[in-house]
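Down below is the structure, laid out as structure tokens.
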Amino acid sequence: MGKYAEDAKELLELVGGRQNIAAVSHCMTRMRFVLSDPSIADVKKIEAMKTVKGSFTQSGQFQVIIGNSVADFYNDFVAAAGIEGVSKDAVKQAAKKNQNLLQRAVTAIAEIFAPLIPAIIVGGLILGFRNCIDSLYLFENGTKTLCDISQFWSGIDSFLWLIGEAVFHMLPVGICWSVTKKMGTTQMLGIVLGLTLVSGQLLNAYAVASTAAADIPFWDFGYFKINMIGYQAQVIPAILAAFTLVYLEKFFRKITPQVVSMIVVPFCSLVLAVIAAHFILGPVGWKIGSAISSVVYAGITGSFKVIFGAVFGFVYAPLVITGLHHMTNAIDLQLIADYGGTMLWPMIALSNIAQGSAVLGMITLQRKNAAAQEVNVPACISCYLGVTEPAIFGVNLKHLYPFVCGMIGSACAAVICVATGTTANAIGVGGLPGILSIQPKYMLSFAICMAVAIAVPFLLTVIVGKKKSMKRSETEMIPEDTEEPVKELKAFLDGRVIPLKEVGDGVFSEGVMGDGLAVIPENETLCAPADGTVTVLMEESRHACGLTLSNGMELLLHVGIDTVDMKGDGFEYLVKEGDKVRTGDPLICFDRKKIKQAGHPDTTVCIITDEGEARGIQFHTGIRAEANDTAVITFE
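Residue numbering for the sequence shown follows this note's numbering, starting at 187 and increasing by one per position.
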């Protein structure tokens, strides 16, 4: 009987028994369950167990934090349950069954837009800068922009639009490519499909609102006509068209003989997908947009405008995801023509600010995560300048709760905005510069709305984020030890020391496990960076080791990236769990050649999973280190 046999039996009962477990595995510190019915698990009693440090549910997985002894606990658990564990990938696949429709949709959107984020960030910064130089009337008594008074800046503005248009107007091309890449079908067909959605032969989507119905070009097939409308910056039509192409290609590849597959599959798939996109999917998207426009117009001018303001402020950010927000331009122009101003555009600008403020909250929460800040900071800047796509797709949707916090803040600001009748003279300047579009008598009220749009999402995001962080904390009891506290960690290998963000692994690079650094090794023996106790070993893979130091600091030393897949081939432990080690003592011997032959980097990371009593931790990277000689991490 194992050490944790009784606790394992108790946990088995509390999660609903063997029949409620669809899959189970473990990582370095947590048990990962996929439960057939998550509601059966008694979370309060589970978290009250002495061996359990906490629990949380993420992406359909119920994760129970055990700590460094999770491997032993796992062995006792599967023995008590009479089941076999599976790989973490299998658990993730099984977990998708526990995700609701919204979670699956958000996950799909995030996976589609992840490869597009760098381009979206560049485009967002460019469009935000262009907003400042061509839409802010700051010169000659507020009658001219910088572009109006300077040919140089006018040329810069025109040139930068070359990039901005490529990123946002041609976004459907990137979306169609990303969907086909994600689904494992022919990516070039996805690119061609995307190009047909934004072809110069079609009426630009941005010009539809200002073009008379009789002037819209069309294809005439004799028996019927189809409008030739482009879908620049449209997301939903592009996603629908791309998935249609994917499933058409899979269908034709399945039924077509191999000898003619090269001809039949791409031809039939692409032609039918383009027909579906322009005959059905696109027109349906425009119908949805027209319906939304009618509702907005009635709401902004009706008796319940305050309620409308709250609803519009809340849903505008999701409209940006669909691309349907472009339809509001027609309403704004009509309001300006009829009443000399628009009350709709100020709410749009406030929604921009609110989403940017949610990102500002993430900047605060992830201030120690350098990799995350590379996306957060430029996304926040472009959002405050009126371009929300980098913030929404690059940050807020990824975590979801900042997106919702931004929506709530936007709704609060919109209520004040509509209640005070805040009106803009024109459209086109979003984000913080939007105040310059407001009629002078309403600038004070808009300033108050801006303060609300900044404060509410920021505070909500920080509060919710901290609660989530506390829930997921893996803080464990510090072992009693009489060893002298350490002040530094020595290099654990010979080689070049690099920051985590250069490792190229999502978990390590984003600081999910904690802060740390990595070494690109020149030798093949991993050494202890300080005096401590060996507390975690992975006997099956032998690629990682956990140490606890006298100051309570806990370290994870991980040889290579994804080397768990090698199942121990090329790795040998030189210590046992519970061993006391000194600085420089050998821990793991590994074969760099086998690691590279298996297709994995041999980059070795050192993660501080628990800081213990250490303070003022500093990481020394960008240097070449000698094992047991060069100090790579120092602290007080």
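Cβ atoms here follow ideal geometry from the backbone N, Cα and C, with glycine treated the same way. The structure presented is a predicted model; accordingly, all values stated were derived computationally and were not measured.
- Taking the Cα positions, Asp406 is about 22 angstroms away from Cys454.
- Each residue's CA atom was taken as its position, placing Trp531 and Ala610 some 7 angstroms apart.
- For the pair Leu200 and Met724, the Cα-to-Cα distance works out to about 26 angstroms.
- DSSP, read as helix, strand or coil, puts Tyr417 in coil.
- For the options Lys239, Ala817, Gly268 and Gly240, the alpha carbon positioned closest to that of Ala209 is the one of Gly268.
- Fewer than three pairs of CB atoms, one per stretch, sit closer than 8 angstroms, so the region 324 to 342 makes no contact with the region 394 to 402.
- Remark: C-beta atoms of His729 and Phe694 do not approach each other more closely than 8 angstroms.
- With 16 or more neighbouring CB atoms inside 10 Å of its own CB, Arg216 falls in the buried class.
- Looking at the DSSP output, Pro772 shares a beta bridge with Cys713.
- In terms of Cβ geometry, Leu618 and Ile539 form a close pair [threshold 8 angstroms].
- By DSSP's assignment, Ser211 forms a beta bridge with Arg218.
- In this structure, His355 sits near Ala419, with a CB-CB distance shorter than 8 angstroms.
- Taking C-beta atoms under 8 angstroms as the contact rule, Gly350 and Gly309 qualify, at a distance of about 6 angstroms.
- In the three-state reduction of the DSSP assignment, Val201 falls in the coil class, being assigned neither a helical nor a strand state.
- DSSP links Pro443 through a beta bridge to no other residue.
- One thing to note: Leu302 has its Cβ within 8 angstroms of the Cβ of Gly360.
- In the three-state reduction of the DSSP assignment, Val650 falls in the helix class, which pools H, G and I.
- For Glu708, the closest of Lys687, Ala677, Gly690 and Ala714 by C-alpha to C-alpha distance is Ala677.
- For Arg778, the enclosing alpha helix (DSSP H) has its first and last residue at Arg778 to Gln783.
- The residue among Ile298, Asp320, Ile342 and Asn390 with its C-alpha nearest the C-alpha of Met369 is Ile298.
- The Cβ atoms of Asp788 and Cys713 lie no closer than 8 angstroms to each other.
- Going by DSSP, Phe404 is part of no alpha helix (DSSP H) but of the beta strand (DSSP E) stretching over Phe404 to Asp406.
- In the three-state DSSP reduction, Glu560 falls in the helix class (H, G or I).
- In the structure shown, His744 falls within a strand segment according to DSSP collapsed to helix, strand and coil.
- Looking at Phe500, Ile486 and Leu426, the one whose alpha-carbon comes closest to that of Pro469 is Leu426.
- Taking a cut-off of 8 angstroms on C-beta distances, the region 575 to 582 touches the region 542 to 556, as three or more cross pairs fall below it.
- The beta-carbon distance between Ile781 and Val689, rounded to whole angstroms, is 15 angstroms. This is too long to meet the 8 angstroms contact definition.
- With distances taken between CA atoms, Trp347 lies nearest to Ile312 out of Ile312, Val365 and Phe325.
- Our two residues, Val761 and Pro224, have alpha carbons roughly 39 angstroms apart in a direct line.
- Contact between Ala503 and Gly592 is confirmed by a C-beta separation of about 6 angstroms, below the 8 angstroms threshold.
- Residue pairing by DSSP places Cys731 opposite Leu723 and Leu743 in a beta bridge.
- Taking a 10 Å sphere around the C-beta of Tyr409, we find fewer than 16 other C-beta atoms and assign the residue as exposed.
- Leu197 is not a Cβ neighbour of Phe242, given a cutoff of 8 angstroms.
- With contacts defined as CB atoms closer than 8 angstroms, Val492 and Val601 qualify as a contacting pair.
- Collapsing the DSSP output to three states places Ala395 in coil.
- Secondary structure at Pro787: coil, using DSSP grouped into helix, strand and coil.
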